[in-house]
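Contents: one structure, followed by commentary.
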Amino acid sequence: MEVQWMNHTGFVVSDIERSLAFYRDLLGLSIERDQVLEGDFISEVVGYPDARLRIVYLGAGDQRHSVELIQYLNPAGDAVALPQRHQVGATHLGIIVDDLDAFYADLSAKGVRFVNPPATRPNPVYPAASKGCYMQDPDGNWLELLERGPAPPDATSV
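Mapping of the sequence shown onto the UniProt record's numbering: residues 1 to 158, in sequence order.
As structure tokens, then:
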């Protein structure tokens with residue numbers, strides 16, 4: 001028995017079109033799958049009778065890991081206060097970017113909520129990040145943007 005790979009990270013969202021404008025249009029992720037799921041199987045998986053969900057998977061085009069956006073159409077979800085970053089149950093998705101300063105400047109100008117400008121780590125050792133910052137999606141889900149230097153020739157980690 002073994003874990004084969006990490007497939008996706010899911011976020012329940014209030015408005016999938018608004019979330020697509022963020023993840024697809026602002027972050028540049030590509031839609032991998034967009035579907036409405038209903039019927040016995042999905043009802044059993046999520047534990048709600050007569051469940052109906054719109055699910056969109058987005059990725060960076062490498063098929064390694066996806067962001068799954070889920071909007072519950074039935075039962076409709078209510079907004080709740082999300083935990084603060086330090087509280088048990090808080091979650092975040094880490095995203096490696098090529099130029100964190102450029103992402104920060106562009107997304108800040110477009111109204112994205114950041115906790116901080118990019119912080120720089122002195123003397124990072126690959127694969128550790130050299131820069132990082134936290135931001136939120138439209139529903140308040142946390143994303144950690146990270147930048148790291150190029151991999152050394154003998155690196156075995158991605």
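For glycine and all other residues, C-beta sits at the position ideal for the given N, C-alpha and C.
Because the structure is a prediction, the values reported are computed rather than measured.
Do you know whose CA, among the options, lies nearest residue i's CA?
i           : options                : result
K131        : N141, D139, P150, P138 : P150
G59         : R121, T9, F41          : T9
Y72         : H86, Q136, F11         : F11
residue 159 : R113, R54, D25, A129   : For residue 159 there is no data in the structure shown, the boundaries of the chain being 1 and 158.
Going along the chain, which residues of its own chain have a beta-carbon closer than 7 Å to the beta-carbon of residue i, five neighbours each way excluded?
i    : result
N74  : D50, A51, R52
P117 : Y104, C133
P138 : R18, S19, F22
Within the same chain, show all residues whose beta-carbon is closer than 6 Å to that of residue i, passing over the 5 residues directly before and after it, in chain order.
i           : result
Y57         : E32, R33, S66, E68
Y48         : P75
residue 179 : Absent from the structure is residue 179, since the part of the chain shown begins at 1 and ends at 158.
L82         : G140
V115        : Y134
A129        : L146, R148
Give me, in chain order, the residues of the same chain whose beta-carbon lies closer than 8 Å to that of residue i; leave out the 5 immediate sequence neighbours on both sides.
i   : result
V97 : F103, L145, L146, E147
I95 : L27, L143, E144, L145, L146
G61 : S30
N7  : H65, S66
K88 : Correcting the residue type first, residue 88 is Val in the shown sequence and not Lys. Around V88: no qualifying Cβ.
A90 : L82, P83, Q84, W142
Taking only beta-carbon positions, decide if residue i is within less than 8 Å of chain C.
i  : result
T9 : In the structure shown, chain C cannot be found, because there is only a single protein chain.
Problem - Every unbroken beta strand (DSSP E) within the UniProt domain "VOC" (5-148), with a cutoff of 3 residues, ordered by chain - result: If only uninterrupted beta strand (DSSP E) runs of at least 3 residues are considered, those enclosed by the UniProt domain "VOC" (5-148) are 8-12, 30-38, 52-59, 66-74, 92-96, 131-136, 142-147.
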